[in-house]
Structure formats: structure tokens, C-alpha cells
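Undergrad:
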Amino acid sequence: MPTPLPPDFYARSTLTVARELLGARLVRMLDGVRLSGTITETEAYVGETDLACHARAGRTPRTQVMYGPPGRAYVYFTYGMHWMLNVVTEPENFPCAVLIRAVEVIEGQELVAARRPGVAKPQWTDGPAKLCVAFGITGDLNAVDLTRPVAGLWVEAGEPVPAENVTIGPRVGLYSVPEPWKGMPWRFLRRREK
DNA sequence: AGCACGATTAACT
DNA sequence: GTTAATCGTGCTC
Numbered sequence: 110m111p112t113p114l115p116p117d118f119y120a121r122s123t124l125t126v127a128r129e130l131l132g133a134r135l136v137r138m139l140d141g142v143r144l145s146g147t148i149t150e151t152e153a154y155v156g157e158t159d160l161a162c163h164a165r166a167g168r169t170p171r172t173q174v175m176y177g178p179p180g181r182a183y184v185y186f187t188y189g190m191h192w193m194l195n196v197v198t199e200p201e202n203f204p205c206a207v208l209i210r211a212v213e214v215i216e217g218q219e220l221v222a223a224r225r226p227g228v229a230k231p232q233w234t235d236g237p238a239k240l241c242v243a244f245g246i247t248g249d250l251n252a253v254d255l256t257r258p259v260a261g262l263w264v265e266a267g268e269p270v271p272a273e274n275v276t277i278g279p280r281v282g283l284y285s286v287p288e289p290w291k292g293m294p295w296r297f298l299r300r301r302e303k
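Every number in our numbering is 109 more than the matching position in the first sequence, counting from 1.
(1) Mapping DSSP to helix, strand and coil, what is residue 283?
(2) Which word fits residue 223, buried or exposed, when buried means at least 16 other C-beta atoms lie within 10 angstroms of its C-beta?
(3) Pop quiz: residue 132 and residue 268 are said to be a contact at Cβ under 8 Å. What is the actual Cβ separation, rounded to whole angstroms?
(4) In terms of residues, what are the limits of the alpha helix (DSSP H) holding residue 243?
(5) By alpha-carbon positions, which one of 111, 112, 122 and 129 ends up nearest to residue 274?
(6) Using 8 Å as the threshold, is the C-beta distance between residue 237 and residue 283 below it?
(7) On the DSSP letters alone, give me the boundaries of the beta strand (DSSP E) that residue 260 sits inside.
(8) Between which two residues does the alpha helix (DSSP H) holding residue 297 run?
(9) When the Cα of residue 245 is compared with those of 124, 111, 141 and 189, which residue comes out closest?
(10) Run through the stretch 179-251 for me and flag every whole beta strand (DSSP E) of 3 or more residues, listed as ranges in chain order.
(11) What are the boundary residues of the beta strand (DSSP E) that includes residue 144?
(12) Within the continuous alpha helix (DSSP H) that includes residue 123, where are the two ends?
(13) Would you say residue 119 and residue 169 are within 8 Å of each other, going by their C-beta atoms?
(14) Can you grab the Cα-Cα spacing for the pair residue 226 / residue 232, in whole Å?
(15) To the nearest angstrom, how far is it from the Cα of residue 175 to the Cα of residue 185?
(16) Considering only the beta carbon of each residue, do residue 206 and residue 183 sit closer than 8 Å?
(17) How many Å lie between residue 279 and residue 187 at the Cα?
(18) Is DSSP giving residue 134 helix, strand or coil here?
(19) Looking only at its own chain, which residues have a Cβ that is under 8 Å from the Cβ of residue 292, when we skip the five neighbours before and after it?
(20) Going by alpha carbons, who is nearest to residue 135 out of 209, 254 and 290?
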């Protein structure tokens with residue numbers, strides 16, 4: 110029996126959720142195969158006042174899932190070719206989310222290898238759009254409930270990452286976002302092991 | 001008009 | 001081996 114992280118996990122401060130998602134396990138049922146990966150990089154996007162967050166535009170068809178209950182998926186399309194996976198955080202009507210930027214594939218390596226032909230393992234899922242390709246995540250999964258194993262996508266508890274292995278820095282890929290939002294240290298990544 | 005990107009290329013060391 | 005620059009693509013507002 111899968112045991113997804115409960116709504117209470119997501120109903121907290123977005124920064125806390127982003128930090129604690131490091132080490133957690135992203136699980137995807139695809140073609141009858143269980144894929145999973147350890148989350149290694151996240152970014153927090155916090156409300157309408159965060160000018161890097163899509164919710165800066167207010168409640169629109171695209172952003173409305175962020176206004177809904179925590180623990181849902183916010184999947185959106187950008188740059189004409191890329192899907193991105195976020196998890197909705199905080200109580201309803203506070204539009205926030207954590208972008209899942211990278212995972213390390215654990216289960217289902219054969220299927221992922223087949224989905225990422227010609228790509229070496231470390232590059233299978235080391236970017237937010239790459240992991241969506243590897244795990245078969247598209248707009249079909251927007252707004253699904255990640256706290257129950259009903260949609261074939263959820264997050265399980267993993268191995269906690271100790272503070273000394275966490276690197277914190279500014280979010281990336283924000284081209285024209287003004288300060289102070291552009292420089293806010295809201296990116297969390299697990300330091301490379303070895 | 002403007003993207004919460006990634007691959008390719010071109011320049012370096 | 002590295003970093004920097006370019007641009008395709010189509011959805012959102």
C-alpha cells in the first residue's frame with residue numbers, strides 16, 4: 110500500500126515544504142510500472158506578492174489550482190515545449206506552490222531509460238522539464254490530488270536530508286523579475302553526495 | 001509580448 | 001574540460 114504524504118504536510122509554510130521535500134520520494138505509476146525518484150531540488154513560489162510566482166497575475170484559469178487545497182499538483186506548460194510540476198502548498202486561497210526541479214531516479218530505471226533515449230542517467234531528471242518527460246507528466250495531471258494514490262502520481266516520505274547537505278540560494282530562470290524577488294533564497298538543493 | 005527551459009553551438013581553459 | 005549566448009515553441013493574458 111502506498112502511503113502518500115498527507116494534506117497536513119503541504120498545508121504549511123511554502124519554504125518549509127520546499128525544504129522538507131528534499132529527500133522525499135516522487136512516485137509515478139506509468140504503463141503499470143512504478144517509477145520513483147528522490148527529490149533533490151525545489152523552489153518556493155509564494156503568493157500574489159511574489160512577482161516570480163504565476164499567481165502575481167491573480168486568479169486565472171491557469172493559476173486557480175494554486176488557490177485550491179494544498180497537496181494538489183500544479184502542472185503548467187511553458188516555452189512552447191516544456192511541462193513543469195509543482196505541488197500546491199499553504200491553506201486554500203493563499204496561492205503558493207513548490208516547483209520540483211530535479212529528482213534522482215530510484216525505481217523503474219528501465220522504463221525511464223527507454224523514455225530518455227540517448228540521455229545518460231544523471232541527465233534523465235536533472236531539470237524540471239526533463240523530469241516531466243521522464244515520468245510522463247503533462248497537463249493531464251494538473252490539479253490532481255497528490256495526497257491519495259488515485260491519479261498515479263504522489264509523494265512519499267523518504268530519507269530526510271540533514272541541514273549540512275542542503276544548499277540554499279536564489280531561484281533560477283527568472284529573467285525579468287525585479288528585486289527583491291529575483292534574489293530571494295528560495296531554492297533548495299541537496300548537495301551532491303560522494 | 002512574454003515566458004519558473006533545454007539543446008546546441010561557440011568560445012574559452 | 002568549462003561557461004556564455006541563442007533560440008525554438010505554443011500557451012497565457
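C-beta atoms are modelled at their ideal positions from N, C-alpha and C, and glycine is treated no differently.
On a predicted model such as this, the values are computed, not experimentally measured, just so you know.
TA: Let me lay it out:
(1) Counting from 1 along the first sequence, the entry for residue 283 is found at position 174. If DSSP states are grouped into helix, strand and coil, residue 283 belongs with coil.
(2) Stepping through the first sequence from its first residue, residue 223 is reached at position 114. Result: exposed.
(3) As a working mapping, residue 132 is identified with position 23 in the first sequence. As a working mapping, residue 268 is identified with position 159 in the first sequence. Confirmed, Cβ separation roughly 5 Å.
(4) Here residue 243 refers to the residue found at position 134 of the first sequence. Residues 237-244.
(5) On the first sequence, position 165 is the one that residue 274 refers to. Comparing Cα-Cα distances from residue 274 to each of 111, 112, 122 and 129, the minimum goes to 129.
(6) Translated into the one-based positions of the first sequence, residue 237 becomes position 128. Translated into the one-based positions of the first sequence, residue 283 becomes position 174. No.
(7) Residue mapping note: residue 260 aligns to position 151 of the first sequence, counting from 1. First-last for residue 260: undefined, no H or E at that position.
(8) Here residue 297 is taken as the residue at index 188 of the first sequence, counted from 1. From DSSP, residue 297 is part of no alpha helix (DSSP H) but of the beta strand (DSSP E) over 296-299.
(9) Position 136 of the first sequence, counted from the first residue, corresponds to residue 245. Answer by Cα proximity: 141.
(10) 182-187, 191-197 and 205-216
(11) On the first sequence, residue 144 is found 35 positions in, with the first residue counted as 1. Taken as a continuous stretch (DSSP letters only), the beta strand (DSSP E) holding residue 144 covers 142-155.
(12) Position 14 of the first sequence holds residue 123. Residue 123 -> alpha helix (DSSP H) spans 123-130.
(13) Translated into the one-based positions of the first sequence, residue 119 becomes position 10. Translated into the one-based positions of the first sequence, residue 169 becomes position 60. No, Cβ-Cβ distance for residue 119 and residue 169 is not below 8 Å.
(14) If you number the first sequence from 1, residue 226 lands on position 117. If you number the first sequence from 1, residue 232 lands on position 123. Approximately 11 Å between the Cα atoms of the pair.
(15) Numbered from its first residue, the first sequence carries residue 175 at position 66. Numbered from its first residue, the first sequence carries residue 185 at position 76. Taking the straight line from one Cα to the other gives about 11 Å.
(16) Here residue 206 refers to the residue found at position 97 of the first sequence. Here residue 183 refers to the residue found at position 74 of the first sequence. For residue 206 and residue 183, yes; Cβs fall inside 8 Å.
(17) Mapped onto the first sequence, residue 279 falls at position 170. Mapped onto the first sequence, residue 187 falls at position 78. Distance between the alpha carbons of residue 279 and residue 187: 21 Å.
(18) Counting from one through the first sequence, the residue named residue 134 turns up at place 25. Strand, per DSSP.
(19) In the first sequence, residue 292 corresponds to position 183, counting from 1. Correct list, in chain order: 279.
(20) Residue numbering aside, residue 135 sits at position 26 when the first sequence is read from its first letter. Of the candidates 209, 254 and 290, the one whose C-alpha sits nearest the C-alpha of residue 135 is 209.
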